Every structure is written in C-alpha cells, then in structure tokens.
Amino acid sequence: MSSTPAGQAPARAGIDPRGPRFVASITALLLLVDVLLGLIGPAAARSGTDWLLPALPLAQRAGDPAFVLLAVLAALFAWGALAGVQRGPFALLFRAAVRPRLRGPAELEDPRPPTFAQGVGLVVTLAGLVLQLAGVPYALPAAAAAAFVAAFLNAAFGYCLGCEMYLLLQRLRPRSSAAAG
Amino acid sequence: MSPLLALLVLAALVAAATGAGLLWRARAGRVRERHGEQRVSEAELGPQVRFGRRGTVVLLTTPSCALCPGARRTIRSELAGREGIASAEVDLSERLDLARRLHVFRTPTTLVLDPRGRIAARAEGGLDPLGLRSRLDALATTS
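Chains A and B supply the protein sequences, listed in that same order. For the first sequence, our numbering gives the first residue as 185, with consecutive numbering after it. For the second sequence, our numbering gives the first residue as 196, with consecutive numbering after it.
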C-alpha cells in the first residue's frame, strides 16, 4: 500500500491489523461462553426421551441466556459489517485503550477483508438464532461453535476464515449470474 | 447436557480449533512444485500480460483477501533485480471462469509459470518468500 505509485488514487486508509485480532479475541471468548450456555441450556436438553426445545413456547426459546448473548454478538457482527470492522465498539476500545500502549504497526491492512468476515459472522449467528426460534435442538450452540472457530483462528493465528469464504461463495453462485457480475 | 460434559465439549472445541490453526499455519504459503502439463495463456490472464523470457509469477486475488497485500510485497521484492521474469495479477472475483478451471478455492494463490506458461509451482493461502526464491532460482537455471 505504501508504494502506491504517485498519480494513482490514494490507497484507502489502512488499519492496524492488530485491531481486528483484538476484536476477534473478545468475540471468540464471548462465543465460547455462549457455546457453554447453549450446551447447558434448553437447546441441548431432553425431557424424557424427546428434545425439550420444540416443546417450549417461543418466549422461552428466545429467553434462553445463550440466545440473548448470541443476539448481542450478532448485533456486534452487524455493526462491524455495516460500519466497518474498525468502527465496532471493541475496535473503538482497541483504539482508545490498547493501541496507544503498543508500538506502531509493522504494516497497515485493508479493512475490507475483515469487514466482509464480520458479515459472514453475522450470517452464521443469525442462522443459529433463527433455528433456535424454530425449535431445532443444538442449532444455537452449533452456530456459536462455528463462529467461535473462525474468531479463534483469527485471534490466535491471524487466519481470516471469513475472508477466504469470499471466493468460495462467489464460486457457488450459478454460472449465469456469475458471468453477469 | 450436564455442565461437566459441556465443559469437555468446550475443551474439545478449543483443541480442534487449535489443531486446525496449526495445520493451516504449517501448510499456508508453501510453494509446491507441479509436474503436470497444466498451462495458462497470456490472453487468459489479461490483455496486458506478457510472459517473461524465463518465467512469470501470477498472483490470483480477490477484494476480500487479507493475505494478498503481503503476497504482493513478497513477489515484488523477490522479483527485484531478477531478469526475464514477469509478474501478473488477476482479480478472480471478475474471473470466476479462471478460478474454476484452475480449481482455486483460496486466495492468495500464486502460480509460477515456466516460459511457455506451464504451471511449474503453486502456493495457496499466503506465499513463503524462501519457497518462491528457490522456484525462481530453478527457473533461471532450467530455461
């Protein structure tokens, strides 16, 4: 980015790559807590030989603490996906409280890939919420676990699973619409 | 589910994610030699693309690719001072036909082409500078 030839449109402002990883660390921890809440809650409970969840009224499916926490996390993903990964609440915390204590970043990063990945996180967590409301057992902890793996890989290894989904999703689209796009 | 069993599931989840991360780190960016006859043409990569006399390095990207800028820097610095090796970059989000034909699922994917466009080496999910350097050295001696 720094060697963009003069005369070309200035490169988008890069972001400190440690910002998204800081956000992913907090997200991963909260998602792990959510998996635990999901597993000990009604999403994974049986009453006798049947699953408990389909027998519960809608309000109790939505009142499950795991559901509430995942809804909050989905809202955070939506925030990051719409406003940009560098403008979510944890990203602001990073900039205000963490970054001033660090040395300058070795290099800056394009904010678009991690922002796209926030959108992937939103889709996964929303799927878990909808399936829990539909009364599907284990759907909510499973969705939280999938999102946890992605956030954990980003936080611990700097590997952005959601970013790599981009090409995969494009390739899965039917050939006709792909040719048009 | 009992809390104890739930904690065991959690431990297994963290262990599996750690294993996946270590596996990914060990494999990402490794430049692997290719012995097949798969080729790409100049025209297929873009109207401006001309192969180098000794070979060509092709970087396949997407707009959402987090590791592509790093791979781009690696290619630029490894090609500096080398004669006869060209480079090209293709945004696969506009070239899904190429992504399908070359079976690209991850970006960055880097191809090292011999002078006739045969794929001599390929790296996925990052680009190891030392691996690229040794492939470029090999191109320089065989062609």
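Glycine included, each C-beta is placed from N, C-alpha and C at the ideal position. Source: prediction; values computed, not measured.
Name the chain B residues that come within less than 7 Å of Gln354 (chain A), Cβ to Cβ?
Taking the first sequence and counting its residues from 1, the one referred to as residue 354 (chain A) is at position 170. Those within 7 Å of Gln354 (chain A) in chain B are Ser288, Leu291.
Does the beta carbon of Val144 (chain B) come closer than 8 Å to any beta carbon on chain A?
Given a span of 196 to 338 for chain B in the structure shown, any question on residue 144 (chain B) remains unanswerable.
May I ask you to report which of helix, strand or coil DSSP gives Val235 (chain B)?
For the purposes of this step, residue 235 (chain B) is taken as residue 40 along the second sequence, with counting starting at 1. Here Val235 (chain B) sits in coil by DSSP.
Alpha carbon to alpha carbon, how far is Ala301 (chain A) from Leu345 (chain A)?
For the purposes of this step, residue 301 (chain A) is taken as the residue at position 117 of the first sequence. For the purposes of this step, residue 345 (chain A) is taken as the residue at position 161 of the first sequence. Across the structure, Ala301 (chain A) and Leu345 (chain A) are spaced so that their CA atoms are roughly 7 Å apart.
Just tell me which of B:Ala261, B:Pro242, B:Arg328, B:Val244 has its CA closest to the CA of Leu275 (chain B).
Along the second sequence, one-based indexing puts residue 275 (chain B) at 80. Contrary to the premise, residue 275 (chain B) reads as Ala rather than Leu in this sequence. Per the Cα distances, B:Arg328.
Please say whether Glu228 (chain B) and Leu254 (chain B) have beta carbons closer to each other than 8 Å?
For this step, residue 254 (chain B) is matched to residue 59 along the second sequence. For this step, residue 228 (chain B) is matched to residue 33 along the second sequence. Contact annotation: Leu254 (chain B) and Glu228 (chain B) have beta-carbon atoms that are not nearer than 8 Å.
What residue range is occupied by the uninterrupted beta strand (DSSP E) comprising Ser282 (chain B)?
In the second sequence, the residue the question calls residue 282 (chain B) occupies position 87. Looking at the DSSP string, the run of the beta strand (DSSP E) that includes Ser282 (chain B) is 280-286.
Whole angstroms are fine: how far does the CA of Gly264 (chain A) sit from the CA of Arg301 (chain B)?
Stepping through the second sequence from its first residue, residue 301 (chain B) is reached at position 106. Stepping through the first sequence from its first residue, residue 264 (chain A) is reached at position 80. Whole-angstrom Cα-Cα distance: 23 Å.
For the stretch 244-319 of chain A, list the alpha helix (DSSP H) runs that are entirely contained and at least 4 residues long, ordered along the chain.
The alpha helix (DSSP H) runs lying completely inside the stretch 244-319 of chain A and spanning 4 residues or more are 249-267, 273-277, 296-317, given in chain order.
Is the CB-CB distance between Ala229 (chain A) and Leu236 (chain A) below 8 Å?
The residue labelled residue 229 (chain A) in the question sits at position 45 within the first sequence. The residue labelled residue 236 (chain A) in the question sits at position 52 within the first sequence. Contact: yes.
Using beta carbons (cut-off 8 Å, strictly below), is Thr257 (chain B) in contact with chain A?
Stepping through the second sequence from its first residue, residue 257 (chain B) is reached at position 62. It does: the Cβ of Thr257 (chain B) has a partner Cβ on chain A nearer than 8 Å.
When Cβ atoms are compared, which residues of the stretch 210-237 of chain A fall closer than 8 Å to chain E?
Reference to chain E is not applicable here, since the protein chains of this structure are A and B.
For a cutoff of 8 Å on Cβ pairs, would you count Phe251 (chain A) as touching chain B?
For the purposes of this step, residue 251 (chain A) is taken as the residue at position 67 of the first sequence. No, because no Cβ of chain B sits closer than 8 Å to the Cβ of Phe251 (chain A).
Name the two residues that bound the continuous beta strand (DSSP E) containing Ile314 (chain B).
Translated into the one-based positions of the second sequence, residue 314 (chain B) becomes position 119. 314-319 is the extent of the beta strand (DSSP E) around Ile314 (chain B).
By alpha-carbon positions, which one of B:Leu297, B:Asp309, B:Arg311 ends up nearest to Glu319 (chain B)?
Position 124 of the second sequence, counted from the first residue, corresponds to residue 319 (chain B). Taking only the C-alpha atoms, the option nearest Glu319 (chain B) is B:Leu297.
Looking at the C-beta of Phe246 (chain B), does it have a partner C-beta in chain A at a distance below 8 Å?
Here the question's residue 246 (chain B) lines up with position 51 in the second sequence. It does not; no Cβ of chain A falls within 8 Å.
For a test of the three-state rule: what should DSSP assign to Met349 (chain A), helix, strand or coil?
Reading the first sequence from its first residue, position 165 is the one you call residue 349 (chain A). Helix, per DSSP.
Helix, strand or coil: which one does DSSP assign to Arg227 (chain B)?
Along the second sequence, read from residue 1 onward, the residue named residue 227 (chain B) stands at position 32. In this structure, Arg227 (chain B) counts as strand in the three-state DSSP scheme.
By Cβ distance below 7 Å, which residues in the same chain neighbour Glu232 (chain B) in space, the five residues on each side in sequence not counted?
For this step, residue 232 (chain B) is matched to residue 37 along the second sequence. Cβ neighbours of Glu232 (chain B) beyond the five flanking positions: Arg313.
Residues in its own chain within less than 8 Å of Ser272 (chain B) by CB, not counting five upstream and five downstream?
Taking the first residue of the second sequence as position 1, residue 272 (chain B) is located at position 77. Excluding positions up to five away in sequence, the list reads Pro324.
State buried or exposed for Gly214 (chain B), treating a residue as buried only when at least 16 other CB atoms are found within 10 Å of its CB.
Residue mapping note: residue 214 (chain B) aligns to position 19 of the second sequence, counting from 1. By the neighbour-count rule (16 or more Cβ atoms within 10 Å), Gly214 (chain B) is not buried but exposed.
Find the residues of chain A that neighbour Gly216 (chain B), judging by a C-beta separation of less than 8 Å, and give them in chain order.
For this step, residue 216 (chain B) is matched to residue 21 along the second sequence. Going along chain A in sequence order, the residues near Gly216 (chain B) (Cβ under 8 Å) are Phe336, Leu337, Ala340, Phe341, Tyr343.
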